[in-house]
Structure formats: C-alpha cells, structure tokens
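Protein chains in written order, with our numbering: chain Y, 3 to 126; chain X, 3 to 126. So the structure is just underneath, and the comments pick up after that.
Number of protein chains: 2
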Amino acid sequence: MTSEDLAFCLDTNAVVVRRTMAGLRDAGIVQSGRGHGGGWHFARPLADISLLDIYNALGEPIVFQIGPATEMPGCAVEQSVNRVIGDALKDAEAILMARFAATTLADLAADFRMAAQHCRADTG
Amino acid sequence: MTSEDLAFCLDTNAVVVRRTMAGLRDAGIVQSGRGHGGGWHFARPLADISLLDIYNALGEPIVFQIGPATEMPGCAVEQSVNRVIGDALKDAEAILMARFAATTLADLAADFRMAAQHCRADTG
DNA sequence: CTTCATGTAACAATAATAGTTACGAATTCG
DNA sequence: CGAATTCGTAACTATTATTGTTACATGAAG
C-alpha cells in the first residue's frame with residue numbers, strides 16, 4: 003500500500019503516515035519502496051511481529067500517563083512519591099509488555115477475520 | 003496551608019492549586035477554610051487516605067497513554083486491536099490500582115521521614 | 001468594616017500533536 | 001532519456017490540551 007492509500011484508510015495525511023512508518027521501517031518491521039509499484043509492505047511474516055516490537059519501534063510513547071515528571075526531582079516529597087509508586091508502575095508495565103510480546107499481528111489478523119465472519123453471518 | 007503557600011512550594015500558581023484541590027475537597031480528602039487562618043488541611047488521618055482515593059478524586063487522568071481512542075470505533079481493524087489489547091490493559095491497570103489502594107499517605111510520610119533522617123546522617 | 005482566603009469564570013500563554021506544503025531523491029515504465 | 005510515481009524530510013501552520021493569569025465575588029476572622 004502507498005502512504006496515500008494508508009492515509010485515506012486512517013483518515014489522515016500521507017506525510018503523517020510516513021512519519022510513523024519511518025519508525026517501523028527503521029526497526030525492520032516494514033519496508034518501503036519508491037516509484038511505480040512502490041509503497042509499504044511487511045518485512046517478515048505477521049506471526050513474527052509482536053505488539054512489543056511495534057511498541058518499541060514507535061519509540062517514546064511511554065505506557066503511563068502518570069509517572070515521574072523528572073528523572074532527578076529536587077523536591078524531596080516528589081522523590082518519596084516516586085520511590086513509593088515506582089515499583090507498582092514497573093510491575094504493571096512488565097505485565098503489559100509481557101502480553102504485548104506474546105501477541106503477534108497474526109493473532110490480530112485472526113481476530114479480525116473471525117469478526118468479519120460473524121458479521122457476514124449476522125447479516126445473512 | 004494556604005493555596006498561596008502551596009503554590010510557592012509546588013512552583014506554580016494559587017489558582018492552579020485550588021483547581022486541583024477542589025477535586026480532593028469534593029472527595030472528602032481535604033477541607034478548606036476561608037478568611038483569617040483559613041487554607042487547606044486533611045479531612046482524615048493520613049493512614050486513612052490511600053493513593054487510590056487520591057487517584058479517583060483527581061478524576062479522569064486515565065492510567066495509560068495507550069488505549070482505545072474512541073469508545074465505539076467504526077474501523078474494524080481498530081476494533082480488533084482494542085479487543086486484543088483490552089484485556090492486557092485491564093490487568094495491568096488492576097495491578098496498579100491494587101497497589102495504590104494498599105499505599106496510604108502515612109506510608110509516604112514514613113518514607114519521607116526516613117529519607118530525611120538518612121540525609122542528616124550523611125551530612126554529619 | 002477591613003483583611004485574608006477560597007471559588008470560579010474568563011482569558012492568555014505554552015507546549016504537544018497533527019496536518020499541510022514544498023521539494024528532493026529514487027524507482028519504474030514507455 | 002523523460003515522465004510519472006512514491007518515499008524522505010524539512011519547514012511551516014493549525015489544533016488541542018494544559019497551565020498560568022487576571023479579575024472579582026463570597027465567606028470568615030478579628
């Protein structure tokens with residue numbers, strides 16, 4: 003698919019698509035080609051791409067809204083809060099990452115196909 | 003403490019403090035008084051105030067950066083993603099909330115006091 | 001009745017994200 | 001080769017959310 007097509011599907015702009023896909027490309031998850039017949043395609047089988055791969059590839063979007071505001075806060079109260087909350091956040095994040103690692107795009111595709119089938123069944 | 007004092011401690015503005023404290027007040031965690039000698043104070047012992055209480059009182063700041071963009075996405079792919087990721091997110095959130103519920107402001111205060119003590123010991 | 005403090009609305013400033021335009025570089029097709 | 005296509009990227013604008021500010025009303029203490 004071209005960036006243009008993806009942008010249409012995602013109801014956004016081709017440049018925005020390229021910006022995001024660049025991260026996935028640098029991580030070796032997708033590949034891009036220029037010119038006629040170019041566009042984006044997966045670099046490996048869907049079963050070999052986990053959500054964790056994608057999460058890491060997209061970089062910084064930290065998991066939690068809440069969390070340390072600064073690495074080394076000067077405020078002593080803030081330091082205490084970070085200490086006390088820190089472990090809980092780490093544990094929760096670990097759980098989530100483990101689940102992400104265990105889920106592949108193939109799983110997602112399977113879920114999608116199943117939903118589509120049910121949809122067809124419902125409509126007759 | 004007055005909003006003015008808190009604002010100074012937190013390096014922000016008195017109105018911003020009141021905005022945030024309003025949520026805590028509505029939840030019965032703190033109380034405010036006007037006029038001479040007014041200001042903010044806790045409504046109950048620190049040991050009876052959990053981080054979960056505070057989290058809930060402050061309202062919407064959802065735990066996760068990532069998560070469903072819309073409640074009922076029209077996009078079928080998005081629906082699949084939400085299904086597959088949803089459980090993992092819920093589990094991680096549950097872990098975090100349990101920890102928050104188990105931690106009180108008294109715990110925080112204890113940690114703070116201990117840190118202060120070590121600091122004094124270090125400096126002589 | 002003056003002073004102090006919260007309560008709140010309205011507005012401005014700031015920052016983060018998303019969208020747009022523009023143009024260069026690489027690839028394919030005729 | 002030359003035209004069409006498509007990514008790559010920089011620069012700029014628009015939008016949105018958050019934060020900060022000003023202003024003024026309300027209530028309490030002395």
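Cβ atoms here follow ideal geometry from the backbone N, Cα and C, with glycine treated the same way.
Given that serine 82 of chain X touches chain Y, what residues does it touch there, using C-beta distances under 7 Å?
-> Along the second sequence, one-based indexing puts residue 82 of chain X at 80. Those are Leu110, Asp113, Phe114, Ala117, listed as they occur along chain Y.
With a cut-off of 8 Å, does the C-beta of alanine 9 of chain Y fall near any C-beta of chain X?
-> By one-based count along the first sequence, residue 9 of chain Y stands at place 7. Not flagged as an interface residue toward chain X: alanine 9 of chain Y, since no C-beta distance is shorter than 8 Å.
Considering only residues of the same chain and omitting the five flanking positions on each side of phenylalanine 102 of chain Y, which have a CB-CB separation below 7 Å?
-> Within the first sequence, numbered from 1, the residue matching residue 102 of chain Y stands at position 100. Here phenylalanine 102 of chain Y has Ser52, Leu53, Leu54, Tyr57 as same chain residues with Cβ atoms under 7 Å from its own Cβ, once five neighbours each way along the sequence are excluded.
Leaving aside the five residues before and after asparagine 15 of chain Y along the sequence, list all residues of the same chain whose C-beta is less than 6 Å from its C-beta, in chain order.
-> The residue you call residue 15 of chain Y lines up with position 13 of the first sequence. Excluding sequence neighbours, asparagine 15 of chain Y sits near Ala9.
Arginine 36 of chain X versus chain Y: which residues are under 8 Å apart at the beta carbon?
-> Here the question's residue 36 of chain X lines up with position 34 in the second sequence. None at all; the shortest Cβ gap to chain Y is about 26 Å.
Is the CB of isoleucine 68 of chain X under 8 Å away from at least one CB in chain Y?
-> To locate residue 68 of chain X, count along the second sequence from 1; it is residue 66. Yes, because at least one Cβ of chain Y sits closer than 8 Å to the Cβ of isoleucine 68 of chain X.
Note down, in chain order, every chain X residue with its Cβ under 8 Å from the Cβ of alanine 71 of chain Y.
-> Here residue 71 of chain Y corresponds to residue number 69 of the first sequence, with the count starting at 1. In chain order: nothing, as chain X lies at least about 11 Å away.
What does a CB cutoff of less than 8 Å around glycine 88 of chain X pick up in its chain, not counting 5 residues either side in sequence?
-> As a working mapping, residue 88 of chain X is identified with position 86 in the second sequence. So the qualifying residues of the chain are Pro70.
If you draw a straight line from the C-alpha of cysteine 77 of chain Y to the C-alpha of alanine 118 of chain X, how long is it?
-> Numbered from its first residue, the first sequence carries residue 77 of chain Y at position 75. Numbered from its first residue, the second sequence carries residue 118 of chain X at position 116. If you take the alpha carbons of cysteine 77 of chain Y and alanine 118 of chain X, they lie about 12 Å apart.
Look up glycine 25 of chain Y in the DSSP assignment and say whether it is helix, strand or coil.
-> Within the first sequence, numbered from 1, the residue matching residue 25 of chain Y stands at position 23. In the structure shown, glycine 25 of chain Y falls within a helical segment according to DSSP collapsed to helix, strand and coil.
Residues that DSSP places opposite glycine 41 of chain Y in a beta bridge = Walking along the first sequence from the start, residue 41 of chain Y turns up at place 39. In the DSSP assignment, glycine 41 of chain Y is bridged to Y:Gly35.
If the cut is a Cβ gap below 7 Å, which residues of chain X does leucine 107 of chain Y touch?
-> The residue you call residue 107 of chain Y lines up with position 105 of the first sequence. Under the 7 Å cutoff, chain X gives no residues; its nearest Cβ is about 10 Å from leucine 107 of chain Y.
Residues bridged to serine 52 of chain Y [DSSP beta-bridge criterion] | To locate residue 52 of chain Y, count along the first sequence from 1; it is residue 50. According to DSSP, which records beta bridges pairwise, serine 52 of chain Y is partnered with Y:Thr106.
Any residues in the region 41-53 of chain X with a beta carbon nearer than 9 Å to a beta carbon of chain Y? Which ones, in chain order?
-> Cβ contacts with chain Y: Leu53.
Of the residues Y:Ala96, Y:Arg122, Y:Arg115, Y:Thr105, the one placed nearest alanine 49 of chain Y, counting alpha carbons only = Position 47 of the first sequence, counting from 1, holds the residue named residue 49 of chain Y. With distances taken between Cα atoms, alanine 49 of chain Y lies closest to Y:Thr105.
Closest by CA to leucine 107 of chain Y, which one among X:His38, X:Asp109, X:Glu80, X:Cys121?
-> Translated into the one-based positions of the first sequence, residue 107 of chain Y becomes position 105. Cα-wise, what sits closest to leucine 107 of chain Y is X:Glu80.
Taking the alpha carbon of glycine 25 of chain Y as the point to measure from, which residue in Y:Ala123, Y:Leu60, Y:Arg85 has its own alpha carbon closest?
-> What you label residue 25 of chain Y is simply residue 23 of the first sequence in a count that begins at 1. Taking only the C-alpha atoms, the option nearest glycine 25 of chain Y is Y:Leu60.
Less than 8 Å separating the beta-carbons of arginine 85 of chain X and aspartate 113 of chain Y?
-> In the second sequence, the residue the question calls residue 85 of chain X occupies position 83. In the first sequence, the residue the question calls residue 113 of chain Y occupies position 111. For arginine 85 of chain X and aspartate 113 of chain Y, yes; Cβs fall inside 8 Å.
Residues bridged to phenylalanine 66 of chain X [DSSP beta-bridge criterion] | The count along the second sequence starts at 1 and reaches residue 66 of chain X at position 64. According to DSSP, phenylalanine 66 of chain X shares a beta bridge with Y:Phe66.
So, using beta-carbon positions, are glutamine 33 of chain Y and phenylalanine 66 of chain X closer together than 8 Å?
-> If you number the first sequence from 1, residue 33 of chain Y lands on position 31. If you number the second sequence from 1, residue 66 of chain X lands on position 64. Not closer than 8 Å, so no.
Are the C-beta of arginine 21 of chain X and some C-beta of chain Y separated by less than 8 Å?
-> Taking the first residue of the second sequence as 1, we reach residue 21 of chain X at position 19. Chain Y contact via Cβ: absent.
Cβ of methionine 74 of chain Y within 8 Å of Cβ of glycine 41 of chain Y?
-> As a working mapping, residue 74 of chain Y is identified with position 72 in the first sequence. As a working mapping, residue 41 of chain Y is identified with position 39 in the first sequence. Not in contact: methionine 74 of chain Y and glycine 41 of chain Y (Cβ atoms no closer than 8 Å).
Is the beta carbon of aspartate 93 of chain X sitting closer than 8 Å to the one on isoleucine 31 of chain Y?
-> Numbered from 1 along the second sequence, position 91 holds the residue referred to as residue 93 of chain X. Numbered from 1 along the first sequence, position 29 holds the residue referred to as residue 31 of chain Y. It is not a contact, given that the beta carbons lie outside the stated cut-off.
Thinking C-alpha only, which one of X:Met99, X:Arg21, X:Ile64 is nearest alanine 90 of chain Y?
-> Position 88 of the first sequence, counted from the start, is the residue given in the question as residue 90 of chain Y. Relative to alanine 90 of chain Y, the option among X:Met99, X:Arg21, X:Ile64 whose CA is nearest is X:Met99.
Can you pull the chain Y residues whose beta carbon is under 8 Å from the beta carbon of aspartate 55 of chain X, in chain order?
-> Taking the second sequence and counting its residues from 1, one reaches residue 55 of chain X at position 53. Listed along chain Y, no residue sits closer than 8 Å to aspartate 55 of chain X by beta-carbon distance, the nearest being about 14 Å off.
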